[in-house]
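**Q** Here it is: the structure, laid out below.
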Amino acid sequence: MQRIEGKTVAEAVLATLKQEIAAMGAQGCTPGLAVVLVGEDPASQVYVGSKVKACAELGMYSQKWAMPAETTQEELIDLIKQLNADDRIHGILVQSPPPAHIDEEAVVRAIDPRKDVDGFHPENVAKLVLEDETGFVPCTPLGCMELLKAAGICTQGAHAVVIGRSMIVGKPMANLLLSRKANATVTIAHSRTKDLPAVCRTADILIAAVGRPEMVTADYVKEGAVVIDVGINRIEDPTRPRGYRIVGDVDFESVAPKCKAITPVPGGVGPMTIAMLMSNTVKACKQLAAQ
Ligand code: NDP
């Protein structure tokens, strides 16, 4: 069984980007990312903090906008318009989820698609489906594809089952696997899928993006399958100082022995997400500079 170490792969991606950013900086073009957070959600604060820190470590320019929970949608969209017009900023990210009174879709649509490094704008969703590589692909599924590549997994002709159909993970993941570059045969499963374990057992590559702690057990997995665990779930654990630990959507202990390769949680897909955000921002900078 091969353990796919996302942390190591992400470090390699970041090291390459750092060199590229230094070279771009020498030519007077430093990639810049604006991260916008509305409200005080503690998990979102951690995510935003780590994104800003990653920018600093790579020598990228960044702006962090922490807005109060009562910020109106209009105020948020005004800020996005300002960032759309700011030449120092090449990537704009609004941390999800915003407070309930804000329409997330309207906010995403306000972002200049050329700066939409999360890949959530309808124009970028269309480009993914059209296989137009000038678009931006959501960071988590993009990171999963990089992990498969780094682990030497051949997707050509493989049967891939993706559990989950969200716009952030499941759907873009399925599109990437289906693309003419990857050429997998793709099945998308969700909460209404009949006999999910049987469907999953047909997978050569199984991607779990469900949000249910350790739901995928050994009886979901064919001998010799490759398993990518996207899940990040907190479960109570009184033996830990924080009182909880993070587990994936896959029951690693029972599943790993059956696998050809598997990602751990933590240290699998998670670190790749941030590396891909940095990569998308560098790409946005290059594309905007070339216009
Ligand atoms: P969503 O809640 O948006 O989507 C979950 C999907 O799983 C839905 O399509 C849902 O089906 C399906 N589902 C839920 N329960 C079942 C079930 N019992 N059987 C089959 N399918 C089921 O979650 P996300 O896509 O945003 O995230 C998925 C997981 O990935 C979460 O654990 C999240 O924390 C993690 N994540 C990790 C990231 C990373 O950086 N590693 C980044 C983003 C997310 P239906 O559509 O029918 O409701």
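Under our numbering, the first residue of the sequence shown carries the number 8, and numbering increases by one thereafter. The C-beta atom is built at its ideal place from N, Cα and C for all residues, glycine as well. All values reported here derive from a predicted model rather than from experimental measurement.
Please list, in chain order, all residues with a C-beta atom less than 5 angstroms from at least one heavy atom of the ligand NDP.
**A** THR147, GLY171, ARG172, SER173, ILE175, VAL176, HIS197, SER198, ALA216, VAL217, GLY218, VAL237, GLY238, ILE239, VAL276, GLY277, THR280
**Q** Is DSSP giving GLN80 helix, strand or coil here?
**A** Taking the sequence shown and counting its residues from 1, one reaches residue 80 at position 73. The answer is helix: DSSP assigns GLN80 an H, G or I state.
**Q** To the nearest angstrom, how far is the alpha carbon of ARG121 from that of GLN70?
**A** If you number the sequence shown from 1, residue 121 lands on position 114. If you number the sequence shown from 1, residue 70 lands on position 63. Taking the straight line from one Cα to the other gives about 18 angstroms.
**Q** VAL272 and VAL254 - do their beta-carbons sit closer together than 8 angstroms?
**A** Position 247 of the sequence shown holds residue 254. Position 265 of the sequence shown holds residue 272. Yes, these two residues count as a Cβ contact at 8 angstroms.
**Q** Locate the alpha helix (DSSP H) running through ALA50, then write down its first and last residues.
**A** As a first step, residue 50 must be located in the sequence shown, where it is residue number 43. 49-65 is the extent of the alpha helix (DSSP H) around ALA50.
**Q** How is the alpha helix (DSSP H) around GLY218 delimited, first residue to last?
**A** The residue labelled residue 218 in the question sits at position 211 within the sequence shown. Careful: GLY218 lies outside any alpha helix (DSSP H) and carries neither H nor E.
**Q** Since ASN240 contacts GLY218 with CB under 8 angstroms, what's their CB separation in whole angstroms?
**A** Taking the sequence shown and counting its residues from 1, the one referred to as residue 240 is at position 233. Taking the sequence shown and counting its residues from 1, the one referred to as residue 218 is at position 211. Taking C-beta atoms under 8 angstroms as the contact rule, ASN240 and GLY218 qualify, at a distance of about 7 angstroms.
**Q** Pick out whichever of LEU83, ASP119, LEU149, GLU111 has its Cα sitting closest to the Cα of VAL20.
**A** Translated into the one-based positions of the sequence shown, residue 20 becomes position 13. Taking only the C-alpha atoms, the option nearest VAL20 is LEU149.
**Q** Please state whether DSSP places SER69 in a helix, a strand or coil.
**A** The residue given as residue 69 occupies position 62 in the sequence shown. Strand.
**Q** To the nearest angstrom, report how far apart VAL193 and ALA216 are at their CA atoms.
**A** Within the sequence shown, residue 193 is the residue found at index 186, counting from 1. Within the sequence shown, residue 216 is the residue found at index 209, counting from 1. Approximately 15 angstroms between the Cα atoms of the pair.
**Q** Below 8 angstroms, how does it come out for the segment 274-294 and the segment 11-26: are there three or more Cβ pairs, yes or no?
**A** yes
**Q** Within 8 angstroms (strictly less), CB to CB, does LYS156 reach chain B?
**A** Within the model displayed, chain B is absent; a lone protein chain is all it includes.
**Q** Taking the beta strand (DSSP E) that ARG249 falls in, what are its first and last residues?
**A** Here residue 249 is taken as the residue at index 242 of the sequence shown, counted from 1. If you look at ARG249, you'll find it isn't in any beta strand (DSSP E); DSSP assigns it neither H nor E.
**Q** PRO75 to ASP48, Cα distance in whole Å?
**A** Your numbering for residue 75 matches position 68 in the sequence shown. Your numbering for residue 48 matches position 41 in the sequence shown. C-alpha separation (whole angstroms): 11 angstroms.
**Q** So for MET74, helix, strand or coil by DSSP?
**A** Working through the sequence shown from its first residue, we reach residue 74 at position 67. Reduced to three states, the DSSP call for MET74 is strand.
**Q** Do the CB positions of THR162 and ALA133 come within less than 8 angstroms of each other?
**A** Along the sequence shown, one-based indexing puts residue 162 at 155. Along the sequence shown, one-based indexing puts residue 133 at 126. Cβ atoms of THR162 and ALA133: not closer than 8 angstroms.
**Q** How about VAL43 and LEU86: do their beta carbons lie closer than 8 angstroms?
**A** Counting from 1 along the sequence shown, the entry for residue 43 is found at position 36. Counting from 1 along the sequence shown, the entry for residue 86 is found at position 79. Cβ atoms of VAL43 and LEU86: closer than 8 angstroms.
**Q** Thinking C-alpha only, which one of ASP119, GLY98, VAL262, ALA210 is nearest LEU284?
**A** Position 277 of the sequence shown, counted from the first residue, corresponds to residue 284. The shortest C-alpha separation from LEU284 is found at GLY98.
**Q** Just verifying my parser: in three-state terms, what is the DSSP assignment at ASP226?
**A** Your numbering for residue 226 matches position 219 in the sequence shown. If DSSP states are grouped into helix, strand and coil, ASP226 belongs with the helices.
**Q** Under 8 angstroms, do ALA232 and ILE214 count as touching if we go by C-beta distance?
**A** Counted from its first residue, the sequence shown places residue 232 at position 225. Counted from its first residue, the sequence shown places residue 214 at position 207. No. Outside cutoff.
**Q** DSSP state of ARG10, grouped into three classes?
**A** As a working note, residue 10 is residue 3 in the sequence shown. DSSP places ARG10 in strand when its eight states are reduced to three.
**Q** At which residues does the beta strand (DSSP E) containing GLY98 begin and terminate?
**A** Residue mapping note: residue 98 aligns to position 91 of the sequence shown, counting from 1. That run of the beta strand (DSSP E) goes 98-101.
**Q** What are the partner residues of LEU137, as DSSP defines its beta bridges?
**A** Numbered from its first residue, the sequence shown carries residue 137 at position 130. Answer is none; LEU137 lacks a bridge partner.
**Q** Would you mind stating whether VAL237 and CYS146 have Cβ atoms separated by less than 8 angstroms?
**A** If you number the sequence shown from 1, residue 237 lands on position 230. If you number the sequence shown from 1, residue 146 lands on position 139. In this structure, CYS146 does not lie closer than 8 angstroms to VAL237 by Cβ.
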